[in-house]
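K.L.:
Before we start, here is the structure in question, set down as structure tokens.
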Amino acid sequence: MTFRLTCPVCGPRDVYEFRYGGPERGPRPDQEDLDPEAHFRWAQFRMTRPEAQEEWWYHAGGCGVWFSTVRNPATNREETS
Amino acid sequence: MTRLPRSSALRIDTDRRLRFSWCGSARAGYEGDTVASALWSSGVRTFGRSFEYHRPRGLYDLEGEGASQLVSIDGVPNQSAGTTLLREGMAVAAQNVRGDPRSDAFGFLDRLDRWMPAGFYYRVFHRPHAAAHFVHNRMRAMAGLGILDVSTSGDPGRREEIFLNADVAVIGGGAAGMRAALAAAGAGTRVCLFERRPWLGGHLDWRLGLEGADGPDSPRARGRALAEHVGSDARIRVFTSAPVTGIWGENLVTGFQRVGAADPFVERHWECRARTIVVATGALERPLVFNHNDRPGVMQADTAWRLARTYGVSPGAVVVFSAGDDLALEAALDLLSLGVDVPAIADSRPEGQDPELVSRIAESGAELLTGWAASQVVGRRVVRGVQLAEIGGSTRREFPCDVVVANAGRQPDIGALSCAGARFRHSTHTGSFELASLPSDVFAAGRVLGLTDSVEIEATGTLAGLEAASACGASVSGTLAAARAEVAEGAGAPPGTGIVRGPDIGEGRKAFLDYDEDGTWKNAVQCAALGFDVPELAKRFGNFGLGPGQYRVPGQNVAMAMAEIEGRPASDVASTTVRPPIIPPSLATLAGPNHDVHKRTPLHEDQAARGGVFRRAGAWKRARYFSADYTCREEIRNVRENVGLLDSSPLGKFRIWGPHALHALQRVYISDMRKATRGRCKYSAMCNDTGNVVDDGVVIPVGEDDYYFTTSSNRAGSTVEWFRYHTRYDGWDYNLLNLTDALASINLAGPEARAVLERVTDADLSNDAFPYLGYRVIPVGDGVEARCMRLGFVGELSYELHVGASYAQYAWDLLWDAGAELGIRPFGLEAQYCMRAEKGHVIIGAESEQRVTLLDIGMGWLWDRSDTASKKVGAPALRACEEQDGRLELVGLRIDDAGHRPEDGAIVVDGDRIAGYVCTTRVSGALGYQYGLALVEEGFAVEGTTLSIYEHLRSDDVRTSATVVPPHFYDPKGERLRV
Amino acid sequence: MLVDLSHRARWDVQDGAIDELRPFGVAVPRDPGDVAIASGLMINRMNRTQASVWHIGPGPTPATPDDVAVTDTTDANAWIAIVGDAVAGVMEHVTSLDLFEPGRSLPRLIQGPVLGVPCQVVVGSRTGALLTFARGYAQTFADALLDSAAPAGLGTGGERVFSEHVAAMARGG
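Residue numbers (my numbering), protein chains in the order written: chain X, 9 to 89; chain Z, 23 to 1001; chain S, 116 to 288.
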């Protein structure tokens, strides 16, 4: 199990250089009158399907940049849509 | 031990004799011999005993294709005799037997096979349960291969690793592989070629042409010529003695390489990240399954051939063949030309032999029996003869001999292909499983495609190399089209019979499908009868292919056998999957050089010289104790009464600045960071989205939109990540710099701390000028700038000095000298841990974990509830948890029992229910009693409650009781901090 | 040869508008990975807002400018040079980074792990590479590097080896 990710600064690197930041879920919701249930769903719920999804990754072993990319967990390959 | 006449293929040096021992008796061989060839030439025929039945086993192959030829060398078990070069003084011993394997006390097990059907250990000896335990242990003691004795196995030797990058990785250095490498390099790509044998050329190495002509047109000569081309091409990096162990995601190829002639066990781990892969791993012999086909003396065609040509050893006095392809016939002819007696050659193919080979066999006087195959070996301990039988007929003939060469034809070596994601399907034309599909960046060439014609083999190699280069972007359209055309002209793979078992083997009680685990044809029938009929199931239940041989000896036979037993066409079944490691590397190689790369503070050596006992703390090594007393009584007492020095350099230290620096601080910290003022340490915590505390530290403004802040040591490496993650949508303009390593941090703590510091600085340290929680930049010694904070983690008057790392030793020495008369001593992390616990200061991970929020651990006072605009991380969770029932709460404990002190992690019980747990307990010298911090259900968190603590220690149930008290024991009002 | 350059000055330059800055009077390269050399300084563009500046010499160490974007990081990391004929062979033992990928112009900055430690690696040429990494790792990193790369011929050298290499780079060698 070793796949590659493309860092926007450094180019393609082994996945071990990166840390996973979860799937794309949009910006943090406003907290004024925030329904706790809504916040919990935003923070915790994940739907994982065997199809391409947008994900956040951090280049911990390299330039230290956060980026999002589209990757298919079924093949572990990045997909350029 | 006479050797056969010399030829150019010989790889031994008869002038250099090497002595070794076999099961204690002295033997000899030559330089260039492998352990296997040296043993064979010295007359050894029985190499060991089999796993289950303890049957005698001999030399079947020379490539480590199974467990039969695994021996122990110099105390190291499971070494492959066929691939390990002989060295002077080696002590070689057989495995799974005591002493010489020709006789074995457990040999009687062979007759008990009726009571050991397939999977018997899953199904018997279960009742009574106690007996099962005893029986299984006895069985384990009897079965098994080598013994590892760490006291005698010695130093594994130097291990190395290299990491390669290439456009094209070619796996296999035979004719096809070499052609692929040359074509790819010629197209301008970076090529790495990996060959598992010590030489390039594959099996061309010992093929000297018909009747051993050894002329300039022989296969060997052609192989040598190609090898020279490859060797002189600077664009191809060649790695010999370098087997591939696996192919992983996106064409990462791994393997190991034996280096160092002086020490054959020295290995190097290699990895190659390639854009494309060409697999040219060739073909293996597919075994024929017949009765007693495991007897010492039964061997592959290549084994007999190489013993004769590579090592100059006659395989036997009389050799009978049961062949399945033309290469075996060629081998027989070569042995005949060397004077070996080959009375009969059975060929399972009824027709289709190369006419040239047929006529030369006729001239030699050997009898060729087409449509015949081996049925049964004669001989109890070694081969004494073999019965050949007509396939589908009733004729049977017995030939006395001492060696039986048998195969059912060839099968592609699918190990690397399978790992690369290839799919296979059975072909009735070739009678074996062939390649059906490959991923787009993997190519195959040569015998692995089932081809046998040398021109075709090389043409597919060239084509694969060009296709790989093209996939990397090289422009080769012209030559690529020509290569495709040449391959299209080829005849393709020749037909094969697909035979698996020899004729008339009956129930096949001792006809072995897999030597490694003694899996027989009868066992396969038993598997099918029990419902384990699919090859993948039969493999696991019947143990076919689970040993070192994996896909080699049992290979495709498992799938084809199960199809035959079930009466189905082989195209209906799928061959079994091959998994890494394709060839086993040693664990020491995988461990690698085993360096411990870690972080050390600038004061590491100084503390070591002062008696510091170091422990790993995250990426760092830190001094945990300064004496043999791990309760640190003296260290603690000295801090509480005099003054101590602690190296806190791993503390996270950061600069954050820019127009939106405050915005970022407001997002990740739970407090109102606008309240941070110059000259003062603002303490706060960071929470995550579930309200747990993940970090804490102080923030100090040092300029306009410019802050200096600290974090805990363990989190320093994640701080920039955390900030940037939680602000990634905001587009804010702020900058972050990690200064953790740039500044050393020295903690000066104790009632005499001010007195010491006054001696090294002229800054005003009076309590009015520099109060508790103050921050001042002060000069120490000869003008070294120190950022100084008055904090109170351990509960005494204390100053934390941050100085440039290069000045750390200077500053430390100054303080040490200044404090000498006042009794200054170093103290370590354990002493710090105890003192902060006495103060009830939480350590994240000890008193704070995933189930407790900022509020639960009593730090809710940090939370700025009014600020929703900043969208503070964790605030919504805190709001949601505030009114929840049943949460854990942090309390202090006073242990009632002056004797036993519960350990960290002991559970708090309510009857037979868990109601919380003890985070930390210690004995306090200052307080005179045992105390602790615990997380308990809120119902138990009332002061004065008696808690019952349970531990299971060394088979005993131990109960202790404790009383809930406020979690601040030492100087609860913090007066000592504020002097 | 391995040369320790940790005493030589280094700085971090970080700003939202870094492209408009001229720290030490020198322009910052435009694209991440680009390296510029001027006035004895090597400027490495790290990402959209950040660059590292290393004093390679010759010449005296410039003073840290009074600029909020510039921070002295000399003590933050260790700095070593690998100089000699076998730089690629040495680095192959300790990193899987493709330092000498064909078609990439040199010098270039590569940020990635060496011996498992995140590093800034400036590949100058086939005969010289510079690395910085967190200061705490210095001793154990150097020990592991010298041990792993000993078969490739790595030994230790003094600063003169480095200065000669810098001079050769300036001449275009």
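Think of the CB as a built atom: it goes at the ideal place given N, C-alpha and C, for glycine as much as any other residue.
Against chain Z, does S/E135 count as a neighbour if the rule is that its beta carbon must be under 8 angstroms from one of theirs?
P.N.:
No, because no Cβ of chain Z sits closer than 8 angstroms to the Cβ of S/E135.
K.L.:
Could you please give the first and the last residue of the uninterrupted beta strand (DSSP E) stretch that includes S/V289?
P.N.:
Outside the modelled stretch of chain S, which goes from 116 to 288, sits residue 289 of chain S, for which no answer is possible.
K.L.:
Identify the contact partners of X/D22 in chain S, using a Cβ-Cβ distance below 8 angstroms as the criterion.
P.N.:
Those within 8 angstroms of X/D22 in chain S are S211.
K.L.:
Does any residue of chain Z have a CB that is nearer than 8 angstroms to the CB of S/R125?
P.N.:
For S/R125, the answer is no, since every Cβ of chain Z falls outside 8 angstroms of its Cβ.
K.L.:
Distance check for Z/P525 and Z/R295, CA to CA, integer angstroms please.
P.N.:
Taking the straight line joining both Cα atoms gives about 48 angstroms.
K.L.:
By the 7 angstroms beta-carbon criterion, what residues does the segment 152-179 of chain S contribute toward chain X?
P.N.:
Of all residues in the segment 152-179 of chain S, M161 and N162 have a Cβ within less than 7 angstroms of some Cβ in chain X.
K.L.:
Is S/D190 close to chain Z, meaning its C-beta is less than 8 angstroms from at least one C-beta of that chain?
P.N.:
S/D190 counts as touching chain Z.
K.L.:
In this structure, how does DSSP classify Z/S870 when only helix, strand and coil are distinguished?
P.N.:
Z/S870: strand per DSSP, three-state reduction.
K.L.:
Shortest alpha-carbon distance to Z/D324 belongs to which of Z/G719, Z/V404, Z/A197 and Z/L357?
P.N.:
That would be Z/L357, whose Cα lies nearest to the Cα of Z/D324.
K.L.:
Could you check the C-alpha separation between Z/H291 and X/T10 for me, to the nearest Å?
P.N.:
Near 17 angstroms, if we compare the C-alpha coordinates of X/T10 and Z/H291.
K.L.:
In whole angstroms, give me the CA-to-CA distance for Z/D784 and Z/P773.
P.N.:
For Z/D784 and Z/P773, the distance between alpha carbons rounds to 19 angstroms.
K.L.:
Look at the alpha carbon of Z/L21 and the alpha carbon of Z/R109, and state the distance between them as a whole number of angstroms.
P.N.:
Given a span of 23 to 1001 for chain Z in the structure shown, any question on residue 21 of chain Z remains unanswerable.
K.L.:
Exposed or buried, which one is Z/I1012 when buried takes at least 16 other CB atoms within 10 Å?
P.N.:
The requested residue 1012 of chain Z is not part of the displayed model; chain Z covers only 23 to 1001.
K.L.:
When you compare the CB positions of Z/G468 and Z/G199, do they come within less than 8 angstroms of one another, or not?
P.N.:
Yes, these two residues count as a Cβ contact at 8 angstroms.
K.L.:
Report the rounded CA-to-CA distance for Z/D285 versus Z/G111, giving the unit in angstroms.
P.N.:
With a pLDDT of 45 at Z/D285, under the threshold of 50, the modelled position of this residue cannot be trusted, and the question is left open.
K.L.:
Can you tell me which residues form a DSSP beta bridge with Z/V408?
P.N.:
Bridge partners of Z/V408: Z/V399 and Z/F421.
K.L.:
Rounded to whole angstroms, what is the Cα-Cα separation between Z/G896 and Z/V715?
P.N.:
Approximately 9 angstroms between the Cα atoms of the pair.
K.L.:
Would you call the segment 398-408 of chain Z and the segment 484-501 of chain Z in contact, with 3 or more CB pairs under 8 angstroms?
P.N.:
No: fewer than three Cβ pairs fall under 8 angstroms.
K.L.:
One question on the structure: do Z/H564 and Z/A140 come within less than 8 angstroms of each other, judged by their Cβ atoms?
P.N.:
The amino acid at residue 564 of chain Z is misidentified as His; the sequence shows Gly. The answer is yes: Cβ separation under 8 angstroms.
K.L.:
With respect to the beta strand (DSSP E) encompassing Z/M695, which residues constitute its N-terminal and C-terminal limits?
P.N.:
Where Z/M695 is concerned, there is no enclosing beta strand (DSSP E), given that its DSSP letter is neither H nor E.
K.L.:
Could you check whether the segment 961-980 of chain Z touches the segment 924-932 of chain Z, counting it as contact only if at least three pairs of C-beta atoms, one from each stretch, sit closer than 8 angstroms?
P.N.:
Verdict: yes, contact present.
K.L.:
Along chain X, in chain order, which residues have C-beta atoms closer than 7 angstroms to that of S/Q129?
P.N.:
Within 7 angstroms Cβ-Cβ: nothing; S/Q129 doesn't reach chain X, min ~12 angstroms.
K.L.:
Taking all protein chains shown into account, decide if Z/L310 is buried (16 or more other Cβ within 10 angstroms of its Cβ) or exposed.
P.N.:
Buried, by the Cβ-count rule.
K.L.:
Less than 6 angstroms between C-beta atoms, sequence neighbours within five positions excluded: which residues of the same chain meet that for Z/T474?
P.N.:
Hits under 6 angstroms: P516.
K.L.:
So the alpha helix (DSSP H) Z/V661 belongs to, where does it begin and stop?
P.N.:
Looking at the DSSP string, the run of the alpha helix (DSSP H) that includes Z/V661 is R655 to E663.
K.L.:
Looking at Z/M584 and Z/K538, is the spacing between their C-beta atoms short of 8 angstroms?
P.N.:
Before going further, note that residue 538 of chain Z is Asp rather than Lys in the sequence given. Not in contact: Z/D538 and Z/M584 (Cβ atoms no closer than 8 angstroms).
K.L.:
Helix, strand or coil, according to DSSP, for Z/E511 in the structure here?
P.N.:
Reduced to three states, the DSSP call for Z/E511 is coil.
K.L.:
Give me the chain Z residues within the contact set of S/L230, using Cβ-Cβ distance strictly less than 8 angstroms, ordered along the chain.
P.N.:
Correct list: H617 and V619.
K.L.:
Would you check if there are 3 or more beta carbon pairs closer than 8 angstroms linking the segment 194-202 of chain S to the segment 241-259 of chain S?
P.N.:
Segments in contact, yes.
K.L.:
Go ahead and label Z/S449 buried or exposed: buried means 16 or more other beta carbons lie within 10 angstroms of its beta carbon, across all protein chains shown.
P.N.:
Per the 10 Å Cβ criterion, buried.
K.L.:
Measuring CB to CB, does Z/A808 end up less than 8 angstroms from Z/L823?
P.N.:
Yes. Within cutoff.
K.L.:
Residues in its own chain within less than 6 angstroms of Z/G845 by CB, not counting five upstream and five downstream?
P.N.:
So the list reads N664, once near-sequence residues are dropped.
K.L.:
In three-state terms, what does DSSP make of Z/D285?
P.N.:
Model confidence at Z/D285 stands at a pLDDT of 45, short of 50, so the residue's coordinates are unreliable and nothing is read from them.
K.L.:
Name the chain S residues that come within less than 8 angstroms of Z/W543, Cβ to Cβ?
P.N.:
Chain S residues near Z/W543: none, gap ~47 angstroms exceeds 8 angstroms.
K.L.:
Roughly how many angstroms lie between the CA atoms of Z/F287 and Z/E74, to the nearest whole one?
P.N.:
Caution is warranted here: a pLDDT of 44 is assigned to Z/F287, below 50, making its placement in the model unreliable, and the coordinate value is therefore given only provisionally. The alpha-carbon atoms of Z/F287 and Z/E74 are separated by roughly 28 angstroms.
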